[in-house]
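Under the working numbering, think of the first position of the sequence shown as 33, with each following residue one higher.
The beta-carbon is built from N, C-alpha and C at its ideal position, and this holds for glycine as well.
Computed from a predicted model, the values in this text were never measured in an experiment.
What follows is a set of notes on a single structure, which appears directly below.
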Amino acid sequence: QVRIPAGYWTSWGGQFEQLQAAAARLQLVVPVALLLVFVLLFMMFGNLRDGLVVFTGIPFALTGGVLALWLRDIPLSISAGVGFIALSGVAVLNGLVMVSFIRGLLEEGKPLDIAVREGALVRLRPVLMTALVASLGFIPMALATGTGAEVQRPLATVVIGGILSSTALTLLVLPALYHSVLRRREQPPAG
33 QVRIPAGYWT SWGGQFEQLQ AAAARLQLVV PVALLLVFVL LFMMFGNLRD GLVVFTGIPF
93 ALTGGVLALW LRDIPLSISA GVGFIALSGV AVLNGLVMVS FIRGLLEEGK PLDIAVREGA
153 LVRLRPVLMT ALVASLGFIP MALATGTGAE VQRPLATVVI GGILSSTALT LLVLPALYHS
213 VLRRREQPPA G
């Protein structure tokens with residue numbers, strides 16, 4: 033405990049002050065960006081259901097990013113927060129590609145089971161290629177030790193971990209979830 037004489041005060045400045053300002057901006061920008069993404073998904077699909085299914089990719093991607101930070105013992109920082117924003121975009125894009133393709137197959141008249149299975153199989157390679165290229169591209173940043181490594185490492189770690197979990201979601205969980213949601217809609221009410 034430090035006693036400060038009357039008329040004096042302490043104020044944190046410099047990098048700490050900048051960190052506080054950046055954190056406050058992110059607390060505003062991230063929810064607004066996610067809301068805008070959801071509104072765009074709703075406008076594109078024309079219904080809430082498909083937008084929500086695609087949006088489920090974000091929590092799975094964020095989980096992978098948090099797990100990667102924990103495994104590497106890297107604290108949550110502003111650069112990690114920026115990584116989470118980038119990661120959300122990749123997760124939504126992969127889900128959007130998958131759901132749009134399945135919807136196209138359904139519009140061609142294919143049965144739900146076949147459309148979901150074929151959509152997942154046909155989109156397998158593009159989703160895996162995107163994940164592989166993005167992950168490999170971030171490896172040098174994740175392993176950086178030189179100047180700027182304290183900024184690069186958290187961002188790259190979040191993106192790599194999140195892309196891995198998001199890819200698993202996009203290829204396995206998202207088609208099953210979409211199938212389940214559409215199947216429930218097709219079933220006649222019990223009565």
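Beta carbon of ALA112, beta carbon of GLY194: below 8 Å?
no
Those runs of the alpha helix (DSSP H) which lie wholly inside the region 61-111 and span at least 4 residues:
80-87, 89-103
So what does DSSP say about LEU51, is it helix, strand or coil?
helix
4 or more residues per run - each alpha helix (DSSP H) lying fully within the region 134-199
144-154, 156-174
For GLN59, the three-state DSSP class (helix, strand or coil):
helix
What does a CB cutoff of less than 6 Å around ALA54 pick up in its chain, not counting 5 residues either side in sequence?
ILE110
Exposure label - SER198; buried when at least 16 CB within 10 Å
buried
State the Cα-Cα distance for the pair PRO163 and TYR210, rounded to the nearest angstrom.
In the sequence on display, residue 163 carries Ala and not Pro. Those two C-alpha atoms are separated by around 21 Å.
Beta-carbon proximity check, PRO207 vs GLY136, cutoff 8 Å:
no
With distances taken between CB atoms, is the gap from VAL86 to LEU73 smaller than 8 Å?
yes
Do you know how far the Cα of VAL165 is from the Cα of GLY31?
Residue 31 lies beyond the residue range present for the chain, which begins at 33 and ends at 223; the question has no answer from this structure.
Give the secondary structure of ILE36 by DSSP, where H, G and I count as helix, E and B as strand, and everything else as coil.
coil
In three-state DSSP terms, what is GLY45?
coil
Counting C-beta neighbours from all protein chains within 10 Å, is the total for ALA56 16 or more, i.e. buried, or is it exposed?
exposed
List the whole-angstrom C-beta distance separating VAL114 from LEU68, where the pair is believed to meet the contact cut-off of C-beta under 8 Å.
Contact doesn't hold; Cβ gap of about 17 Å is too wide.
I'd like to check one pair, VAL129 with PRO158: are the Cβ atoms closer than 8 Å?
yes
Taking the alpha-carbon positions, what's the ALA65 to THR189 distance?
22 Å
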